[in-house]
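**Q**
Number of protein chains: 2
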Amino acid sequence: MNRFSAKSAISKQTIRRLPQYLRVFYDLHAYGRSLVSSTDLAAETQLLPIVIKKDLQAVGAPTKLRAGFKVAGTIEAIENFLGWDNLNKAFLIGTGHLGSALLGFSGFQNHGLEIVAAFDTNPEKVGQEIHGVQVYHTAQLKSIIKAKKLKIAVLALPGSAAQGITDTLVECGVKAIWNFAPVKLSVPEDVAVQQEDIASGLAELCAKLKSN
Amino acid sequence: MNRFSAKSAISKQTIRRLPQYLRVFYDLHAYGRSLVSSTDLAAETQLLPIVIKKDLQAVGAPTKLRAGFKVAGTIEAIENFLGWDNLNKAFLIGTGHLGSALLGFSGFQNHGLEIVAAFDTNPEKVGQEIHGVQVYHTAQLKSIIKAKKLKIAVLALPGSAAQGITDTLVECGVKAIWNFAPVKLSVPEDVAVQQEDIASGLAELCAKLKSN
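These protein sequence lines map, in sequence, to chains W and U. Just so you know, numbering that gives the first Met the number 0 puts 21 at position 22 of the first sequence, and the rest follows in order with no gaps. Just so you know, numbering that gives the first Met the number 0 puts 81 at position 82 of the second sequence, and the rest follows in order with no gaps.
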């Protein structure tokens, strides 16, 4: 975790668009393209060329005069910015439908995360493998986090269980939590939490529908 | 679909926070509270009181002088703003892990959506019920959309299949698409699309981690 970083200058909106750019650049790379204009990127992403230019310049994507962005170099710049050029080991708690969907999320490894363990209390799940990941009993949480020195947790639990588990994670030295449970977690300042709220997207859709 | 709406003045950020407020107000209501201060709401949501006040005033939440927001009235105001006081019928395409997780998403009905049909091509799924929702073969898509007059689709498909299905949906008169497939969809202007990108949340988390 790099202490020196120009990242604070980059907006949350830009950061959220980076995975989308990465997918387009991976495709371009696969098709053998070495350069791409922001106009072509605009057609592909349905974003404005000016937004794309600003976003990619912010992460230091290399350009060639009058020809656009260099494909391989831009992939490197985005991956490097997000730390996705190094695989971070993470673990999942909760292997219901959502947890299983997350384990099957193709390209997690392209996104710098390697899920090395999953936890559940359901006896039908414990001892199984889901998408190649071993499921342990939640009672083994502390010992496995410590043994494997894991710092990143993905929570796909019911809301009622999330804070209790979070307190245990913090005790064990976990530094980042990707939370899919529909509750705000209380954590110390040095722990990063990313809250996912499925209903937020639905709220946006409903607002768009009403204004159409 | 209300043609008259003050919604354009309300930011996307506010809209995305509304489901979170709703959950807190539902809890307060269940505990028999009739009023709540923005300070108490701040403790509950970890948002600044000034942000909360602005958000709730934007949707017309009723207040009582020096006592805060009226609980029942605020629930009504948010539900009404989002159209969640009327159940909208929707259907799901793709019943893999993610689709099944969405069908099991407790409180979908609290969020104004009733999923009345699901579609898949997998013979092991077709004819089954998942969380009480009947799964039909995708070949029946057109006839069922038309018969049930459905306007809202939830896509939990592989990216490669999403645009083809979307073209069919648009032909059938679908007006809103909640898209969990990792591709940008091309649709006519009068169709609302809400794009969910699981990797966006992960990008935010990684950026936070790096700056800690």
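Where is the CB? At the ideal position from N, CA and C, for every residue including glycine.
Quick check on phenylalanine 104 of chain U - is its C-beta less than 8 angstroms from some C-beta in chain W?
**A** In the second sequence, residue 104 of chain U corresponds to position 105, counting from 1. For phenylalanine 104 of chain U, the answer is yes, since a Cβ of chain W falls inside 8 angstroms of its Cβ.
**Q** Are three or more beta carbon pairs between the stretch 48-55 of chain U and the stretch 13-22 of chain U nearer than 8 angstroms?
**A** yes
**Q** On the three-pair Cβ rule with 8 angstroms, is the stretch 104-119 of chain U touching the stretch 76-90 of chain U?
**A** yes
**Q** Write down the C-beta distance between serine 161 of chain U and valine 182 of chain U rounded to the nearest angstrom, noting that I regard them as a contact closer than 8 angstroms.
**A** Counting from one through the second sequence, the residue named residue 161 of chain U turns up at place 162. Counting from one through the second sequence, the residue named residue 182 of chain U turns up at place 183. Contrary to the premise, residue 161 of chain U reads as alanine rather than serine in this sequence. Going by Cβ atoms, the distance from alanine 161 of chain U to valine 182 of chain U rounds to 5 angstroms, so yes, they are a contact pair.
**Q** Can you pull the DSSP bridge partners for tyrosine 20 of chain U?
**A** For the purposes of this step, residue 20 of chain U is taken as residue 21 along the second sequence, with counting starting at 1. DSSP lists no partner for tyrosine 20 of chain U.
**Q** Where does valine 70 of chain U fall in DSSP's three states?
**A** Walking along the second sequence from the start, residue 70 of chain U turns up at place 71. Of the three classes helix, strand and coil, the one that applies to valine 70 of chain U here is helix, per DSSP.
**Q** Quick one: which unbroken beta strand (DSSP E) runs of 3-plus residues sit fully inside the stretch 107-184 of chain U? Chain order, please.
**A** 112-119, 132-136, 151-154 and 175-178
**Q** Between alanine 152 of chain W and valine 192 of chain U, what straight-line distance do the alpha-carbon atoms span, to the nearest angstrom?
**A** The count along the first sequence starts at 1 and reaches residue 152 of chain W at position 153. The count along the second sequence starts at 1 and reaches residue 192 of chain U at position 193. Taking the straight line joining both Cα atoms gives about 30 angstroms.
**Q** Going by DSSP, what residues sit across from leucine 91 of chain W in a beta bridge?
**A** On the first sequence, position 92 is the one that residue 91 of chain W refers to. Its beta-bridge partners are W:Ala117 and W:Val153.
**Q** Please check if any C-beta of chain W sits within less than 8 angstroms of the C-beta of isoleucine 215 of chain U.
**A** As displayed, chain U neither begins before 0 nor continues past 211, which places residue 215 of chain U out of reach and without an answer.
**Q** Based on the DSSP secondary-structure assignment, which residues constitute the bridge partners of glutamine 193 of chain W?
**A** As a position in the first sequence, residue 193 of chain W is number 194, starting the count at 1. According to DSSP, which records beta bridges pairwise, glutamine 193 of chain W is partnered with W:Trp177.
**Q** Suppose the cutoff is 6 angstroms on Cβ atoms and the five residues either side in sequence are ignored; what does the same chain contact list for alanine 175 of chain W look like?
**A** The sequence position of residue 175 of chain W within the first sequence is 176, counting from 1. Taken in chain order, the residues that qualify are Ile151 and Ala191.
**Q** Between the alpha carbons of glycine 158 of chain U and threonine 38 of chain U, how many angstroms are there, rounded?
**A** Residue mapping note: residue 158 of chain U aligns to position 159 of the second sequence, counting from 1. Residue mapping note: residue 38 of chain U aligns to position 39 of the second sequence, counting from 1. Roughly 44 angstroms separates the two Cα atoms.
**Q** Starting from alanine 57 of chain U, trace the alpha helix (DSSP H) both ways and give me its first and last residue.
**A** Numbered from 1 along the second sequence, position 58 holds the residue referred to as residue 57 of chain U. Residues 48-57.
**Q** Sort out for me which residues DSSP pairs threonine 38 of chain U with in a bridge.
**A** Taking the first residue of the second sequence as 1, we reach residue 38 of chain U at position 39. Note: threonine 38 of chain U sits in no beta bridge, so no partner.
**Q** Just the Cα atoms here: how many angstroms apart are phenylalanine 214 of chain W and arginine 65 of chain W?
**A** Since the displayed chain W opens at 0 and closes at 211, residue 214 of chain W lies outside it and no answer follows.
**Q** Give me the DSSP bridge partner(s) of lysine 207 of chain U.
**A** As a position in the second sequence, residue 207 of chain U is number 208, starting the count at 1. According to DSSP, which records beta bridges pairwise, lysine 207 of chain U is partnered with nothing at all.
**Q** Just the chain W side, please: which residues come within less than 7 angstroms of histidine 110 of chain U by C-beta, in chain order?
**A** The residue you call residue 110 of chain U lines up with position 111 of the second sequence. Correct list: Ala198 and Leu201.
**Q** List the endpoints of the continuous alpha helix (DSSP H) containing serine 99 of chain U.
**A** The residue given as residue 99 of chain U occupies position 100 in the second sequence. It spans 96-103 - the alpha helix (DSSP H) in which serine 99 of chain U sits, taken as one unbroken run.
**Q** Leaving out the 5 sequence neighbours to the left and right, which residues in its chain are closer than 7 angstroms to cysteine 171 of chain W when beta-carbon positions are compared?
**A** The residue labelled residue 171 of chain W in the question sits at position 172 within the first sequence. Lys141, Ile144 and Lys145, listed in sequence order.
**Q** Do the stretch 66-77 of chain U and the stretch 129-138 of chain U touch if we need at least three Cβ pairs shorter than 8 angstroms?
**A** no
**Q** Alpha carbons only, please: which of U:Phe80, U:Ala180 and U:Gln19 is nearest the one belonging to alanine 8 of chain U?
**A** As a first step, residue 8 of chain U is located in the second sequence; it is residue number 9 there, counting from the start. Selected option, being the one with the closest Cα: U:Phe80.
**Q** For the candidate residues W:Leu112, W:Ser185 and W:Val173, whose alpha-carbon lies nearest to that of glycine 200 of chain U?
**A** Sequence index remark: in the second sequence, residue 200 of chain U carries index 201 (1-based). Cα-wise, what sits closest to glycine 200 of chain U is W:Leu112.
**Q** Just to confirm, does phenylalanine 104 of chain U get its C-beta within under 7 angstroms of one of the non-hydrogen atoms of the ligand MN?
**A** Absent from the structure shown: the ligand MN. Ligands present: none.
**Q** Let me check understanding here. Comparing Cα to Cα, which of W:Ile164, W:Ser210 and W:Ala155 lies closest to glycine 95 of chain W?
**A** For the purposes of this step, residue 95 of chain W is taken as the residue at position 96 of the first sequence. If we check each option's Cα against that of glycine 95 of chain W, W:Ala155 comes out closest.
**Q** How about leucine 97 of chain W: is its C-beta nearer than 8 angstroms to some C-beta of chain U?
**A** In the first sequence, the residue the question calls residue 97 of chain W occupies position 98. Output row for leucine 97 of chain W: interface = yes.
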